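Peer 1: Under the numbering used here, read the sequence shown as residues 1 to 480, first letter to last. Note that beta-carbon positions come from the ideal geometry of N, C-alpha and C, so glycine has one too. In this text, all values refer to a predicted model and were calculated from it rather than measured experimentally. Have a look at the structure that comes next, please.
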Amino acid sequence: MAGAFSWYAASATLQARQATAPAKPAPSSSATNAEFAATADEVLQQMSEITGLTLRSPLKKSLRTRAQIRAYVVNEMNEDKDAAERYAGQRSAEAFGLLPTGFNLDVFMVDLLTEQIAGLYDPKTHEFYVADWIPVADQKMVMAHELTHALQDQHFQIEDWAKAARPNDDAELARESVLEGSAMAAMIDYLLQGTGRSLQDLNDIDPSMLIGDMESTPMLKKAPPFLKDALIFPYLDGLNFSAAVLRPEGWSALSGIFAKPPVSTQQIMHPALYKSGKVPPKVVIPSMDRDIGADWTKLEDNIMGEFGWKEVLKQFLGEERATPVSSAWNADRYVLYEQKKTKRLLLITRLDLASDASAERFFITYSDALKKKYEHRTGEDHQREFLSFDTSEGGVFLRCVAAACVTLEGGDLPLFEKLSKELNWTAPPGKEATARSRGTGDPSQLPAAEPACSATRNPFVTQPGEPPEESSRRSALFPQ
Ligand SMILES: [Zn+2]
């Protein structure tokens, strides 16, 4: 959660600044420590004045070496989510096409964060660290951000507050965006001290001012676009959200956000929807566990949110096409299964859009995305609101009815027909269904290309003696 990533944006700024300003020779260690402690106390007092959050108990603070910070990152990663939860999150990102198959997320994140960290606040020990290789002059900005977390924590218990959104990934990312966004807002007010201006006077915030030239750091250069976006989202979208919600009252409105947290990334991306109280309705995907069979494990059952769907569309079609379509998000759900032996994935998603017309637009857009995702496909059947084709990883289906769209990837037509039936939809206009209505329903009569995937894999045999496997795992789809 925030504890694992809360230093991120401030450190990115430092990375950019350090690139242009050669570091001064480091003074002796004891002088650095004394200077550090005095500076931290001074910044803490200023952040308390800026945010109106009083310091309730003394804060532990220390300088840490890169090795110590790396050890913290590894420990925090393991404490935040267990290995199975992290695996489920990584596989979910792979299933949506957001990470390359086999991408080692854990190793990448440890390297990335060790590179990026300039300072952090640990809500478990209530301790504040600054990396010992950061020049004192640059430490102040990191401190302004991290010490805001310390003050937030003394008033709102940030770790429990953010995790209270679990298992809803979308809502948890929204809460993290409040933590990071308000810490960024406080940092800007800190930097504007003495200029006669504050965050409230800034109409547009230039993101490059805050995150610097992130592309220039070696690990970020290598990061898949989704990871980069997911890391930056809480800081920049969270900042815009905080600025909008704190206006016009100012920092006295902060406690109201903690009392009534945003419930979705959509509310972060569109603060007016937070103010108007637009809450996504709960949508369900009918349980397909029995139909899918006992040799499959349910890895994940979660929510992508507007941010997640925007990333999926952006991955294949670019931001310009992704933004208008994803902003019609109303609610969603996805369930991911993995076959125990083969590790094949089966993904079912349901997305409810703002209107029937938005669902039509989504169908057109997502059809294009799925075709890009599966370049090698056969047996394509593309109708007005129904798309299906076969791939080496199983059948792919997309169908919209009224304002709702569902997808199945890695399955077959009988399973998709079952899903449609459970949703109280009419039978999908697939080829086998069409063939059946013409009286040639025996699948063995069909061209081999289409049913071959399901026939060879045959994952959908119900085994009544065995209960469907339940999963209590939470997702780590969004690195937090
Ligand atoms: Zn932070």
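Cα separation between Asp111 and Asp229?
Peer 2: Working through the sequence shown from its first residue, we reach residue 111 at position 111. Working through the sequence shown from its first residue, we reach residue 229 at position 229. Using only the alpha carbons, I get a separation of about 17 Å.
Peer 1: According to the Cβ coordinates, are Ala164 and Glu176 closer than 8 Å?
Peer 2: Position 164 of the sequence shown holds residue 164. Position 176 of the sequence shown holds residue 176. No, the Cβ-Cβ distance between Ala164 and Glu176 is not below 8 Å.
Peer 1: Roughly how many angstroms lie between the CA atoms of Gln46 and Ser182, to the nearest whole one?
Peer 2: In the sequence shown, counting from the first residue as 1, residue 46 sits at position 46. In the sequence shown, counting from the first residue as 1, residue 182 sits at position 182. Near 15 Å, if we compare the C-alpha coordinates of Ser182 and Gln46.
Peer 1: Following a CB-centred definition, is Glu180 positioned closer than 7 Å to any heavy atom of ligand 1?
Peer 2: As a first step, residue 180 must be located in the sequence shown, where it is residue number 180. Under cutoff, so the answer is yes.
Peer 1: Please state whether DSSP places Arg197 in a helix, a strand or coil.
Peer 2: The residue labelled residue 197 in the question sits at position 197 within the sequence shown. Three-state DSSP puts Arg197 in coil, outside helix and strand.
Peer 1: Determine, using beta carbons only, whether Ser358 and Ala328 come nearer to each other than 8 Å.
Peer 2: If you number the sequence shown from 1, residue 358 lands on position 358. If you number the sequence shown from 1, residue 328 lands on position 328. Contact flag set, yes.
Peer 1: Measure how close the beta-carbons of Glu385 and Arg399 come, nearest whole angstrom, since I'm counting them as under 8 Å.
Peer 2: Against the sequence shown, residue 385 aligns to sequence position 385. Against the sequence shown, residue 399 aligns to sequence position 399. About 6 Å; that satisfies the 8 Å criterion.
Peer 1: Return the CA-CA distance between Leu192 and Arg70, expressed in angstroms with no decimal places.
Peer 2: To locate residue 192, count along the sequence shown from 1; it is residue 192. To locate residue 70, count along the sequence shown from 1; it is residue 70. Taking the straight line joining both Cα atoms gives about 32 Å.
Peer 1: If we ignore side chains and look at the alpha-carbon of each, how far apart do Tyr235 and Gln152 end up?
Peer 2: As a first step, residue 235 must be located in the sequence shown, where it is residue number 235. As a first step, residue 152 must be located in the sequence shown, where it is residue number 152. Those two C-alpha atoms are separated by around 16 Å.
Peer 1: May I have the straight-line CA-CA distance separating Ser57 from Val401, to the nearest angstrom?
Peer 2: In the sequence shown, the residue the question calls residue 57 occupies position 57. In the sequence shown, the residue the question calls residue 401 occupies position 401. For Ser57 and Val401, the distance between alpha carbons rounds to 56 Å.
Peer 1: Helix, strand or coil for Trp296 per DSSP?
Peer 2: Taking the sequence shown and counting its residues from 1, one reaches residue 296 at position 296. Three-state result, Trp296: strand.
Peer 1: Starting from the N-terminal side, write out each stretch of the beta strand (DSSP E) that is 3 residues or longer and does not extend beyond the region 267-353.
Peer 2: List check, beta strand (DSSP E) in window: 296-302, 329-339, 345-353.
Peer 1: Check whether the Cβ of His126 sits closer than 7 Å to any heavy atom of ligand 1, and report yes or no.
Peer 2: Locating residue 126 in the sequence shown gives position 126, where the first residue counts as 1. The answer is no for His126.
Peer 1: Please list, in chain order, all residues of the same chain as Asp368 whose beta carbon is under 7 Å from its beta carbon, the five residues on each side excluded.
Peer 2: Locating residue 368 in the sequence shown gives position 368, where the first residue counts as 1. Same-chain partners within the cutoff: Leu317.
Peer 1: I need the boundaries of the alpha helix (DSSP H) containing Val136, first residue and last residue.
Peer 2: For the purposes of this step, residue 136 is identified with residue 136 of the sequence shown, where counting begins at 1. Element bounds for Val136: 136-156.
Peer 1: By Cβ distance below 7 Å, which residues in the same chain neighbour Arg247 in space, the five residues on each side in sequence not counted?
Peer 2: The residue you call residue 247 lines up with position 247 of the sequence shown. The answer, listed in chain order, is Gln200.
Peer 1: Go ahead and pull the three-state DSSP assignment for Lys421.
Peer 2: Along the sequence shown, one-based indexing puts residue 421 at 421. Reduced to three states, the DSSP call for Lys421 is helix.
Peer 1: With 16 as the cutoff for other CB atoms within 10 Å, does Lys81 come out buried or exposed?
Peer 2: Stepping through the sequence shown from its first residue, residue 81 is reached at position 81. It is buried - the Cβ of Lys81 has at least 16 other Cβ atoms within 10 Å.
Peer 1: Could you spell out where the beta strand (DSSP E) holding Leu398 opens and where it closes?
Peer 2: For the purposes of this step, residue 398 is taken as residue 398 along the sequence shown, with counting starting at 1. Segment 394-401, the beta strand (DSSP E) holding Leu398.
Peer 1: Any heavy atom of ligand 1 closer than 7 Å to the Cβ of Ala183?
Peer 2: Along the sequence shown, one-based indexing puts residue 183 at 183. Yes, the Cβ of Ala183 comes within 7 Å of a heavy atom of ligand 1.
Peer 1: Can you check which of these residues, Pro123, Tyr121, Ala150, is closest to Ser48 by C-alpha distance?
Peer 2: Position 48 of the sequence shown holds residue 48. When each option's Cα is compared against that of Ser48, the closest is Ala150.
Peer 1: Hey, would you say Glu300 sits closer than 8 Å to Ser92, going by beta carbons?
Peer 2: Residue numbering aside, residue 300 sits at position 300 when the sequence shown is read from its first letter. Residue numbering aside, residue 92 sits at position 92 when the sequence shown is read from its first letter. Yes, the pair counts as a contact, with Cβ atoms nearer than the cut-off.
Peer 1: Could you tell me the alpha carbon to alpha carbon distance between Pro123 and Leu179, rounded to whole angstroms?
Peer 2: Your numbering for residue 123 matches position 123 in the sequence shown. Your numbering for residue 179 matches position 179 in the sequence shown. Taking the straight line joining both Cα atoms gives about 12 Å.
Peer 1: Any heavy atom of ligand 1 inside 7 Å of the beta-carbon of His155?
Peer 2: Translated into the one-based positions of the sequence shown, residue 155 becomes position 155. His155 Cβ: outside cutoff for every heavy atom of ligand 1.
Peer 1: Just checking my contact of Asp390 with Thr407 at CB under 8 Å: how many whole Å lie between their CB atoms?
Peer 2: Residue mapping note: residue 390 aligns to position 390 of the sequence shown, counting from 1. Residue mapping note: residue 407 aligns to position 407 of the sequence shown, counting from 1. Incorrect: roughly 15 Å between the Cβ atoms, too far for contact.
Peer 1: If the criterion is Cβ atoms closer than 8 Å, does the pair Pro491 and Pro100 meet it?
Peer 2: Limits of the chain in this structure are 1 at one end and 480 at the other, which puts residue 491 out of reach.
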